[in-house]
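Participant: Line order of the protein sequences matches chains A and B.
Numbering that gives the first Met the number 0 puts the first residue of the first sequence at 0, with every later residue one more than the last.
Numbering that gives the first Met the number 0 puts the first residue of the second sequence at 0, with every later residue one more than the last.
2 protein chains.
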Amino acid sequence: MTEHITTATIEADPVVPIIHITRDFRATPAQVIRAHVDPELFTQWVGPDNRTMTIDHWDARTGGSWRYFDAGDDDLQAFRGCFHEIGEHRIVQTFTWEGMPEGVSLETLTLTDLGDGWTRLHATSLTDSFESRDAWLASGMEVGINDGYAKLDALLAR
Amino acid sequence: MTEHITTATIEADPVVPIIHITRDFRATPAQVIRAHVDPELFTQWVGPDNRTMTIDHWDARTGGSWRYFDAGDDDLQAFRGCFHEIGEHRIVQTFTWEGMPEGVSLETLTLTDLGDGWTRLHATSLTDSFESRDAWLASGMEVGINDGYAKLDALLAR
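1. Alpha carbon to alpha carbon, how far is A/Val142 from A/Ala11? Give it in angstroms, no decimals.
2. Starting from B/Met52, follow the beta strand (DSSP E) in both directions and report where the run begins and ends.
3. Run through DSSP, which three-state label would B/Ile144 get?
4. Check A/Asp73 in the structure and name its three-state DSSP category.
5. Does any residue of chain A bring its CB to less than 8 Å from the CB of B/Leu110?
6. Anything in chain A within Cβ reach of B/Val91, meaning under 8 Å, just list it in chain order.
7. Using a Cβ-Cβ distance under 8 Å, would A/Asp133 count as near chain B?
8. Where does the unbroken alpha helix (DSSP H) through B/Val45 begin, and where does it stop?
9. Measure the beta-carbon distance from B/Leu110 to B/Ile9 and round it to whole angstroms, keeping in mind my assumption that it falls under 8 Å.
10. Starting from the Cα of A/Glu87, find the closest Cα among A/Pro38, A/Glu39, A/Leu105, A/Ala34 and give me that residue.
11. Are the region 48-57 of chain A and the region 72-81 of chain B touching, with three or more C-beta to C-beta distances below 8 Å?
12. Using a 10 Å radius around the Cβ and a threshold of 16 neighbouring Cβ atoms, would you call B/Val15 buried or exposed?
13. Kindly list, in the order they appear in chain B, the residues whose Cβ is closer than 9 Å to that of A/Ser124.
14. Spell out the partners DSSP gives A/Arg66 in its beta bridges.
15. When DSSP labels each residue in this structure, what does A/Ser124 get in the three-state scheme?
16. In chain order, what residues of the same chain have a beta carbon less than 8 Å from the beta carbon of A/Ile4, not counting five sequence neighbours either side?
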């Protein structure tokens with residue numbers, strides 16, 4: 000029996016300023032892509048359990064762009080970027096937290112069909128320095144990733 | 000008298016997979032930005048002298064996208080990307096040569112007013128590996144950069 004990665008691994012690349020995230024889902028690549036592209040699905044699962052995502056702008060096509068708000072009890076954060084590529088097994092986009100508008104990451108999501116109804120997600124986030132990469136790793140990002148992917152598991156099961 | 004950089008410096012970053020390009024122009028930052036944003040101006044100067052640029056798609060705004068063709072005597076190359084940010088002193092965009100569609104660079108153009116009618120352009124191109132960065136550096140890119148910036152000098156002088 001194959002072991003599946005049902006808690007995300009979050010790893011610093013040893014050579015370049017990239018974060019690697021790997022996680023398996025009981026779904027097809029097409030279902031996982033749709034959960035990232037359809038704004039009504041995306042806002043149901045992305046982010047920590049105690050925060051609410053709302054879309055400001057969403058044009059999920061190659062050459063489109065996006066912006067959303069991430070609201071907690073007493074703060075509101077905004078994130079934005081453009082979609083370089085939306086493919087059947089890959090999404091490439093830019094990513095900025097507007098609290099630090101100079102910082103831009105290049106994010107690549109790659110989906111691999113593992114067979115038996117499972118898909119492996121590999122997400123990379125490339126920044127322009129090891130300092131900014133390591134600041135993201137130290138930011139508590141794993142809470143949002145693990146909460147979010149647990150909600151995505153539940154969404155995919157429905 | 001200040002020394003100006005009138006032949007581009009093209010340098011490999013020692014720490015991260017970035018190419019740095021630096022070049023001074025006798026113009027304001029606004030004029031240099033306009034020469035990168037206005038498609039009729041951009042196609043007059045970008046690239047090597049022996050090739051012709053034509054626009055396929057051009058939507059130069061934050062969240063827009065672009066695609067152009069680069070034609071030689073017997074070949075046609077296509078390039079495309081999305082505009083993450085178009086500011087008064089900065090342009091951030093993605094960049095793909097469609098001959099290698101998996102490869103995506105994140106490019107940042109920053110303009111600094113040097114005074115006395117001069118502006119310094121600093122362009123960075125960030126890739127996800129040192130191998131792909133070094134392949135760009137070995138590709139003969141300096142011909143297009145130096146030819147292109149000489150044409151941009153002439154355009155800005157008019």
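Note that CB positions come from ideal geometry on N, CA and C, so glycine has one too.
This one's a predicted model, so the numbers in the text were calculated from it and none came from an experiment.
Facilitator: Concretely, from the data shown:
1. Translated into the one-based positions of the first sequence, residue 11 of chain A becomes position 12. Translated into the one-based positions of the first sequence, residue 142 of chain A becomes position 143. Distance between the alpha carbons of A/Ala11 and A/Val142: 16 Å.
2. Here residue 52 of chain B refers to the residue found at position 53 when the second sequence is read from its first residue. In this chain, the beta strand (DSSP E) harbouring B/Met52 covers 51-57.
3. For the purposes of this step, residue 144 of chain B is taken as the residue at position 145 of the second sequence. Three-state DSSP puts B/Ile144 in a helix.
4. Looking up residue 73 of chain A in the first sequence gives position 74. Here A/Asp73 sits in coil by DSSP.
5. Stepping through the second sequence from its first residue, residue 110 of chain B is reached at position 111. The C-beta of B/Leu110 comes no closer than 8 Å to any C-beta of chain A.
6. To locate residue 91 of chain B, count along the second sequence from 1; it is residue 92. Result: Thr93, Val103.
7. Here residue 133 of chain A corresponds to residue number 134 of the first sequence, with the count starting at 1. Closer than 8 Å: no.
8. What you label residue 45 of chain B is simply residue 46 of the second sequence in a count that begins at 1. No alpha helix (DSSP H) contains B/Val45, which DSSP labels as neither H nor E.
9. Here residue 110 of chain B corresponds to residue number 111 of the second sequence, with the count starting at 1. Here residue 9 of chain B corresponds to residue number 10 of the second sequence, with the count starting at 1. At roughly 18 Å, the Cβ-Cβ gap does not stay under 8 Å, so B/Leu110 and B/Ile9 are not in contact.
10. Reading the first sequence from its first residue, position 88 is the one you call residue 87 of chain A. Of the listed residues, the one whose Cα sits closest to A/Glu87 is A/Ala34.
11. Verdict: no, contact absent.
12. What you label residue 15 of chain B is simply residue 16 of the second sequence in a count that begins at 1. With 16 or more Cβ atoms within 10 Å of its Cβ, B/Val15 is classed as buried.
13. Stepping through the first sequence from its first residue, residue 124 of chain A is reached at position 125. Those do not exist, as A/Ser124 stays about 10 Å from chain B at its closest Cβ, beyond 9 Å.
14. Translated into positions along the first sequence, residue 66 of chain A becomes position 67. A/His56, A/Arg79.
15. Here residue 124 of chain A refers to the residue found at position 125 of the first sequence. Of the three classes helix, strand and coil, the one that applies to A/Ser124 here is strand, per DSSP.
16. Reading the first sequence from its first residue, position 5 is the one you call residue 4 of chain A. Same-chain partners within the cutoff: Thr21, Arg22, Asp23, Arg119.
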